[in-house]
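Novice: Counting in our numbering, the sequence shown runs without a single skipped number right up to 313 at its last residue. Using N, Cα and C, we set each Cβ at its ideal position, and we do this for glycine too.
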Amino acid sequence: MQNTFDVVTLFLLLDIADAGSLTGGAEQANMTPSAASQRIAKLEQNIRQPVLTRLPRGVRLTEAGEILAARARLFRREMRAARGDLEALRGLESGTVRLGSFPTVSASLLSDALKDCHARWPGIDVRVHSAVRPRLLDMLRSSEVELALLWSYAWTEETEKSLSLVPLMEDQTQLLVPADGELAQDDVAVASLRGARWIIRNADHPAAEVLYRSCEGAGFTPDVAYEAHDYQEIEAMVAAGMGIAMVPRLAVAHHRPDVRAVRFRAEDRVPTRSIYIASLARREYTPSMYAISRALHEAAQRIAGAAD
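#1: Taking the runs of the alpha helix (DSSP H) that are 4 residues or longer, which of them lie wholly in the region 105-143?
#2: So is Gly105 buried or exposed if we call it buried at 16+ other beta carbons inside 10 Å?
#3: Classify Thr291 as helix, strand or coil using the three-state DSSP reduction.
#4: In whole angstroms, give me the CA-to-CA distance for Thr277 and Glu187.
#5: Three or more beta-carbon pairs under 8 Å between the region 288-306 and the region 232-243, yes or no?
#6: Between Met6 and Ile45, what straight-line distance do the alpha-carbon atoms span, to the nearest angstrom?
#7: Give a yes or no on whether the C-beta atoms belonging to Leu173 and Leu145 are separated by under 8 Å.
#8: Please state whether DSSP places Val229 in a helix, a strand or coil.
#9: Helix, strand or coil, according to DSSP, for Arg261 in the structure here?
#10: Restricting to Cα atoms, I'd like to know which of Ile52, Val264, Arg299 is closest to Ala184.
#11: For the beta strand (DSSP E) holding Val13, just list the boundary residues, first then last.
#12: Within 10 angstroms of its Cβ, does Asp11 collect 16 or more other Cβ (buried), or is it exposed?
#13: Below 7 Å CB to CB, which residues in the same chain sit around Val150 once its five sequence neighbours on both sides are set aside?
#14: Could you pull out every residue in the same chain whose Cβ sits closer than 7 Å to the Cβ of Ile280, ignoring the five residues on either side in sequence?
#15: For a quick check, are the C-beta atoms of Leu114 and Ala305 less than 8 Å apart?
#16: Which value, in whole angstroms, describes the spacing of the CA atoms of Val64 and Gly30?
#17: When the Cα atoms are used, what is the spatial distance from Cys122 to Arg132?
#18: Tell me where the alpha helix (DSSP H) around Ala244 begins and ends.
#19: Any idea if Ala41 is buried or exposed, counting beta-carbon neighbours within 10 angstroms, 16 or more meaning buried?
#20: Please find out if some non-hydrogen atom of the ligand SAH comes closer than 7 Å to the beta-carbon of Ala212.
#21: Mind checking whether Leu141 and Val267 have CB atoms under 8 Å apart?
#22: For Ser197, count neighbouring Cβ atoms within 10 angstroms of its own Cβ and tell me buried if that reaches 16, exposed if not.
#23: Could you pull out every unbroken beta strand (DSSP E) segment of at least 3 residues lying fully inside the region 42-84, listed in chain order?
#24: Would Val13 be called buried (16 or more neighbouring beta carbons within 10 Å of its own) or exposed?
#25: Can you give me the C-alpha to C-alpha distance between Leu60 and Leu18, rounded to a whole angstrom?
Right, here's the structure in full:
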């Protein structure tokens, strides 16, 4: 017996059983008695045995009909529960989002967005995986995460066409100096820093390339005094007077009191990194994914507003 059952007919059988007659069941199922009779006849033909016993008044389920009605009753109950679950999802009372991120954005933009999300939609369960960019791309492709926060510079290799990238914000590059240092202006030219000693992320890090490209554009090679493994280490060395540093704004959003962030002149075109919300191009957003995306955009707007 292949393609024997369909949900409409099973629910019709259940309605007939509850009503005690084919006509009453058809009325509950919103169909004509003729259409209901044809469906029951086709069901009996497919399973090769009757499901109803016709009585002088009404009908009674056969043993086969009782079996099917019992299963249909369980299925209808599950479908009603599913409808309730879907309503909860649509109303953002429940739902899960698996999100990929990277450390500098997690410690700034994402943490602000999650505070907002938890306050507004406490039923949404957000699971965050922090990783480097290549790993985030792998997790997206393998569906380990539904969404990921990604960064890119103008020279960063293009991501696969299978990804949908929604721009979130531009993360400006800033100069990090000691709070009590001599540099007072808030609009510094890269060329004026020719004689400075620099602290950089280890040489294979994208932030190091920002420094080398910017200094090359200003006509000099930076004097690197210290290679750090994270931005916390960079801040500590700047505070200690080892040198100054170029850093993404989000990396020092909550910086130490003994260091200060200074803007570069717009004319120097110091590279900035773009921050995106990425997903598989074929993936449809769930209500929960829309909610976390909205919270991320609002957090990005607050950060941009604070910079003005």
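Specialist: From the atom records:
#1: 116-125
#2: buried
#3: In this structure, Thr291 counts as coil in the three-state DSSP scheme.
#4: 25 Å
#5: no
#6: Unreliable placement is indicated for Met6, whose pLDDT of 46 sits below 50; the coordinate value is still reported in the next sentence. For Met6 and Ile45, the distance between alpha carbons rounds to 16 Å.
#7: no
#8: strand
#9: coil
#10: Val264
#11: Per DSSP, Val13 belongs to no beta strand (DSSP E); it is in the alpha helix (DSSP H), 12-24.
#12: exposed
#13: Taking C-beta separations shorter than 7 Å and ignoring five residues to either side along the sequence, the partners of Val150 in its chain run Arg103, Leu104, Gly105, His134, Met144, following chain order.
#14: Val110, Leu154, Trp156, Leu173, Met174, Asp176
#15: yes
#16: Each residue's Cα considered, the two are about 10 Å apart.
#17: 12 Å
#18: 236-244
#19: Label assigned to Ala41: buried.
#20: No copy of the ligand SAH appears in this structure; indeed no ligand is present at all.
#21: no
#22: exposed
#23: 57-59, 64-66
#24: exposed
#25: 16 Å
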